[in-house]
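Residue numbers (the numbering used here): 63 to 179.
Glycine is no exception: its CB is placed at the ideal position from the N, C-alpha and C atoms.
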């Protein structure tokens, strides 16, 4: 008798879940035909620190030009940090950025900027 009651409770719970309206159920969003897709952007960059020198390669796989700049923070308080000049990484192009400190390098990063087509 207990088995049939628990089976009845489980059946009722399943029926309740199935009977939820389509609007209440989470589903993938489909983009409207006229809406613009989000644009992919940004070169992928790899940096290598060798002693006090920094070399970075940035490859842009996307159709929009990316303006990349190398930023270097030096470890010593008297060593000047540097922000490199902006270089244009066009579609399917790889660019090389270099810089250095007098002594040790503390950190390196690359900034990106969308450039006009």
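query, result
"Could you pull out every residue in the same chain whose Cβ sits closer than 8 Å to the Cβ of residue 133, ignoring the five residues on either side in sequence?", "143, 144, 145, 146, 170, 171, 172, 173"
"Using a 10 Å radius around the Cβ and a threshold of 16 neighbouring Cβ atoms, would you call residue 102 buried or exposed?", "exposed"
"On the criterion of 16 or more Cβ atoms from any shown chain inside 10 Å, does residue 91 qualify as buried, or is it exposed?", "Below a pLDDT of 50, predicted positions are generally treated as unreliable, and residue 91, at 48, falls in that range; the measurement from the model is reported next regardless. Exposed, since its Cβ has fewer than 16 Cβ neighbours within 10 Å."
"According to DSSP, is residue 173 part of a helix, a strand, or is it coil?", "strand"
"Is residue 162 helix, strand or coil when you go by DSSP?", "strand"
"Can you check whether the CB of residue 128 is closer than 9 Å to the CB of residue 165?", "no"
"Under 6 Å Cβ to Cβ from residue 158, same chain only, skipping five residues before and after it: list those, please.", "119"
"Am I right that residue 116 and residue 161 are in contact with their C-beta atoms under 8 Å? What's the rounded C-beta distance?", "5 Å"
"Ordered along the chain, which non-local residues of its own chain (more than five positions away) have a Cβ less than 6 Å from that of residue 124?", "102, 103"
"Taking its Cβ as the centre, do 16 or more other Cβ atoms sit within 10 Å of residue 105, making it buried, or is it exposed?", "buried"
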